[in-house]
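K.L.:
This is the structure I want to talk about, given as structure tokens.
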Amino acid sequence: MTETPFAPVLFLKAGCPFCMKVRLFLLEAGQLDGVVLREFAPGTEEETEIRGLLGPVVETVTFPAAELTPGSFTTESDAIVAHFAARAGVEPAALPTYQSYLNGVFKNLGALYRENMDLKKRLPPA
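Here full-length UniProt numbering is used: the first residue of the sequence shown is 1, the next is one more, and so on.
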């Protein structure tokens, strides 16, 4: 009897810029075929199921999340990218589309998020 080899599992939330970062890296690095994708839309039953699965194995359920090796989970997008970059022998800085996303859309979304959080701190208590 032969065992099916382990394939890393990646949990991606639709609309999440960090999830898009990981997915774009995997696509450009040619690693997407070797990953089992569990994608979901916010507020769906699938999200509830995935959160239930991840709750006991990660400190805080955030996305993206990945089971990189059997029983070893992470929710840090940079750690996920680093894992697959090492596995493929690819330098993320050498991937032009990935870098364009990081230095453009992703960077701008981060700035908007920080600005929004700052504005919320300035609001008077409700």
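C-beta: ideal position from N, C-alpha, C; glycine also. For clarity, every value in this text was computed on a predicted model and none was experimentally measured.
(1) State the start and end residues of the unbroken alpha helix (DSSP H) segment that holds Ala-85.
(2) Just how far apart, CA to CA, sit Arg-23 and Thr-60?
(3) Counting only runs of 3+ residues fully inside the stretch 29–113, write out the beta strand (DSSP E) ranges in chain order.
(4) Hey, out of Pro-17, Val-90 and Phe-11, whose CA is closest to Leu-102's CA?
(5) Using 9 angstroms as the threshold, is the C-beta distance between residue 142 and Val-58 below it?
(6) Taking DSSP as the reference, what is the three-state secondary structure of Leu-119?
(7) Helix, strand or coil: how does DSSP classify residue 127 here?
(8) State the Cα-Cα distance for the pair Pro-64 and Thr-4, rounded to the nearest angstrom.
(9) Does the stretch 109–125 touch the stretch 44–58, meaning 3 or more C-beta pairs lie closer than 8 angstroms?
(10) How would you label Val-35, buried or exposed, when you count the other beta carbons within 10 angstroms and need 16 or more for buried?
P.N.:
Quick answer:
(1) 77–88 is the span of the alpha helix (DSSP H), which, as asked, contains Ala-85.
(2) Arg-23 and Thr-60: Cα-Cα distance of roughly 21 angstroms.
(3) 36–40, 65–69 and 72–74, all fully within the stretch 29–113.
(4) Checking every option, the nearest Cα to that of Leu-102 belongs to Pro-17.
(5) Residue numbering for the chain in the displayed model covers 1 to 126; residue 142 lies beyond these limits and cannot be assessed.
(6) Leu-119: helix per DSSP, three-state reduction.
(7) No answer is possible for residue 127: the residues shown for the chain start at 1 and end at 126.
(8) Just so you know, the alpha carbons of Pro-64 and Thr-4 end up roughly 25 angstroms apart.
(9) A contact between stretches requires three or more CB pairs, one per stretch, nearer than 8 angstroms, and the stretch 44–58 fails this requirement with the stretch 109–125.
(10) By the 16-neighbour rule on beta-carbons within 10 angstroms, Val-35 is buried.
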